[in-house]
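Asks:
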Amino acid sequence: MKTLIINASPRKNGNTAFLVNELKRNLKGEIAEISAYYDGIAPCIACDYCRQNAQCSIRDKMDAIYADDFDNVVIASPVHMSNLSGPLVSISSRLQVYYNSKRFLNNKINPRKKEGILILTGGGDGSAECAVKSAEIMFRLLNAVHPVQNNVFSLNTDKLPAYQDNEAIKKINEIAERINVKF
Ligand SMILES: Cc1cc2nc3c(=O)[nH]c(=O)nc-3n(C[C@H](O)[C@H](O)[C@H](O)COP(=O)(O)O)c2cc1C
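Take 147 as the starting number for the sequence shown in the working numbering and just add one per residue.
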């Protein structure tokens, strides 16, 4: 079993990192992680190359996602301005390759079926609804099933930091347990 984690927090020891580490500690199998902030992944430049070719024209760490060699994909992000963090939205634009494959290339790229897990942390008054919707678009393009039990939300980190959020920690452990027995 291989799990790819897309970590979209700028804080290397923040709330999102804590929950990601908790999952990593409990999950079996191979784990790969990419950072939306520190791995230099470019945004889509709308070159339209992927309308004619079943791949992206840009070569960077996004290739870890395009390799499509993982069974689980984890999207882990702080809520920024009610949405996923900016660099993660930027990464999601690179999934246009999958959209265009369907629309223009007769489904030439068929991402393997996988499981999607969403970790969101927030510390404001607003809702996480937009962030969830944006993550769902990513899961859909990646062909990841994303049942509600795969959501881990720690949305009051201003009052209760993730490392004290026992409910979120329990949820992470339950997800890891369930996924571990599947493989
Ligand atoms: C630029 C920015 C925008 C933010 N916007 C929101 C928001 O819209 N809603 C919210 O609940 N929290 C918001 N927050 C708070 C973070 O989501 C919260 O502190 C989160 O736990 C940070 O996770 P981290 O420690 O992994 O960076 C924002 C923080 C920053 C830095």
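Glycine residues also receive a C-beta, built at the ideal position from the N, C-alpha and C atoms.
1. Per DSSP, what are the beta-bridge partners of Leu264 in this structure?
2. Taking the alpha carbon of Lys316 as the reference point, which residue from Gln295, Thr303, Phe329 has its own alpha carbon closest?
3. Note down the Cα distance separating Glu176 from Ile211, rounded to an integer number of angstroms.
4. Identify, in the order they occur along the chain, each residue of the same chain with its Cβ nearer than 7 Å to the Cβ of Gly272, setting aside the five sequence neighbours on each side.
5. To the nearest whole angstrom, what separates the beta carbons of Met208 and Ile191, a pair I think is in contact under 8 Å?
6. Enumerate, from N- to C-terminal direction, the unbroken alpha helix (DSSP H) stretches of 4 or more residues contained entirely within the region 273-319.
7. Within a Cβ cutoff of 6 Å, which residues of the same chain sit near Met147, ignoring the five residues on either side of it in sequence?
8. Please return the same chain residues whose Cβ sits closer than 6 Å to the Cβ of Pro156, not counting the five positions on each side in sequence.
9. In terms of alpha-carbon separation, which member of Ile152, Arg249, Ile221, Leu264 lies closest to Arg197?
10. Here's the rule I'm using: 16 or more other beta-carbon atoms within 10 Å means buried, otherwise exposed. How should Asp311 be labelled?
11. So that I know if they touch, is there some Cβ in chain C lying closer than 9 Å to that of Asp209?
12. Which whole runs of the beta strand (DSSP E) in the region 168-232 are 3 residues long or more, in chain order?
13. Any heavy atom of ligand 1 inside 8 Å of the beta-carbon of Ala281?
14. What residues match up with Leu150 in a beta bridge as DSSP calls it?
15. Using 8 Å as the Cβ pair cut-off and three pairs as the minimum, do the region 219-228 and the region 256-265 touch?
16. Along the alpha helix (DSSP H) that carries Phe329, what are the first and last residues, could you check?
17. What do you reckon, is the C-beta of Asn296 under 8 Å from a heavy atom of ligand 1?
18. Assuming Val166 and Ile151 form a contact by the criterion Cβ under 8 Å, report the distance between their Cβ atoms to the nearest whole angstrom.
Replies: Considering the structure as presented:
1. Translated into the one-based positions of the sequence shown, residue 264 becomes position 118. Answer by DSSP bridge pairing, in chain order: Ile221, Asn297.
2. The residue you call residue 316 lines up with position 170 of the sequence shown. Ranking the options by Cα distance to Lys316, first place goes to Gln295.
3. For the purposes of this step, residue 176 is identified with residue 30 of the sequence shown, where counting begins at 1. For the purposes of this step, residue 211 is identified with residue 65 of the sequence shown, where counting begins at 1. Roughly 15 Å separates the two Cα atoms.
4. Taking the first residue of the sequence shown as 1, we reach residue 272 at position 126. Contacts found: Ser228.
5. Along the sequence shown, one-based indexing puts residue 208 at 62. Along the sequence shown, one-based indexing puts residue 191 at 45. Contact flag wrong, Cβ pair sits at about 12 Å.
6. With a minimum length of 4 residues, the unbroken runs of alpha helix (DSSP H) contained wholly in the region 273-319 fall at 275-287.
7. Here residue 147 refers to the residue found at position 1 when the sequence shown is read from its first residue. The residues are Gly175, Asp217, Phe329.
8. Residue 156 sits at position 10 when you count from the first residue of the sequence shown. Within the same chain, Pro156 has close Cβ partners Tyr183.
9. Here residue 197 refers to the residue found at position 51 of the sequence shown. Ranking the options by Cα distance to Arg197, first place goes to Arg249.
10. Translated into the one-based positions of the sequence shown, residue 311 becomes position 165. Classification of Asp311: buried, given that the 10 Å Cβ count is 16 or more.
11. Looking for chain C here will not work: only one protein chain is present.
12. Qualifying beta strand (DSSP E) stretches, in chain order: 176-181, 218-224.
13. Numbered from 1 along the sequence shown, position 135 holds the residue referred to as residue 281. The answer is no for Ala281.
14. Looking up residue 150 in the sequence shown gives position 4. In DSSP, Leu150 forms a bridge with Ala178, Val219.
15. Yes: the two stretches touch, three or more of their Cβ pairs being nearer than 8 Å.
16. Along the sequence shown, one-based indexing puts residue 329 at 183. Where Phe329 is concerned, there is no enclosing alpha helix (DSSP H), given that its DSSP letter is neither H nor E.
17. One-based indexing of the sequence shown puts residue 296 at position 150. For Asn296, the shortest C-beta to heavy atom distance toward ligand 1 is 8 Å or greater.
18. For the purposes of this step, residue 166 is identified with residue 20 of the sequence shown, where counting begins at 1. For the purposes of this step, residue 151 is identified with residue 5 of the sequence shown, where counting begins at 1. Yes, they are in contact, since the Cβ atoms of Val166 and Ile151 sit about 6 Å apart, within 8 Å.
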